[in-house]
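Enquirer:
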Amino acid sequence: MGSLLLPPWTVTRYGTDGVEMRGSFSRFHVGGNSAVHGGVLPLLFDHMFGMISHAAGRPISRTAFLHVDYRRITPIDVPLIVRGRVTNTEGRKAFVCAELFDSDETLLAEGNGLMVRLLPGQP
């Protein structure tokens, strides 16, 4: 994925209708009891939200809001799938969401966020 903090994930779908990636977390992402640290999942969703926005043809944007609902413990060393899409746009704003599943399609976590297009010259 292009982040030193995350393991490599494989993009399996990339289009205006959404993005899907497959991968797993390792012992380097453990929070306790062989579960992924809760702080790693917002990082995954934030990275995903940027990809979703770009795939939808939106200009470079910045995360203005990110919320994660943890549904089940995310295990390490198992295949995972993350899927996301733009749900709505309003001017500079793009509302995005994503879900993290295990290989049985059990929902592990879901996130939603707001991406805001940068103004010209904005760092």
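If you read the sequence shown in our numbering, its first letter stands for residue 1, the second for the next number, and so on. Where a beta carbon is used, it is the ideal one built from N, C-alpha and C, also for glycine.
Going along the chain, which residues of its own chain have a beta-carbon closer than 6 Å to the beta-carbon of Glu20, five neighbours each way excluded?
Expert: Same-chain partners within the cutoff: Thr12, Arg13 and Arg83.
Enquirer: Relative to the C-alpha of Gly111, which residue among Glu90, Ile76, Val68 and Phe101 is closest?
Expert: Among Glu90, Ile76, Val68 and Phe101, the Cα nearest to that of Gly111 is on Val68.
Enquirer: How is Val116 classed by DSSP in three states: helix, strand or coil?
Expert: Of the three classes helix, strand and coil, the one that applies to Val116 here is strand, per DSSP.
Enquirer: In this structure, how does DSSP classify Arg27 when only helix, strand and coil are distinguished?
Expert: Note: Arg27 maps to helix in three-state DSSP.
Enquirer: Please report the residue range of the beta strand (DSSP E) in which Leu80 lies.
Expert: Leu80 to Glu90 is the extent of the beta strand (DSSP E) around Leu80.
Enquirer: Is Asp77 helix, strand or coil when you go by DSSP?
Expert: Coil.
Enquirer: If the criterion is Cβ atoms closer than 8 Å, does the pair Arg62 and Leu118 meet it?
Expert: It is a contact, given that the beta carbons lie within the stated cut-off.
Enquirer: Determine which residues share a DSSP beta bridge with Asp69 and list them.
Expert: According to DSSP, which records beta bridges pairwise, Asp69 is partnered with Glu110.
Enquirer: I need the DSSP call for Thr12, collapsed to helix, strand or coil.
Expert: Thr12: strand per DSSP, three-state reduction.
Enquirer: Would a C-beta distance cut-off of 8 Å place Val86 and Val78 closer than the cut-off?
Expert: Taking 8 Å as the Cβ cut-off, Val86 and Val78 do not qualify as a contacting pair.
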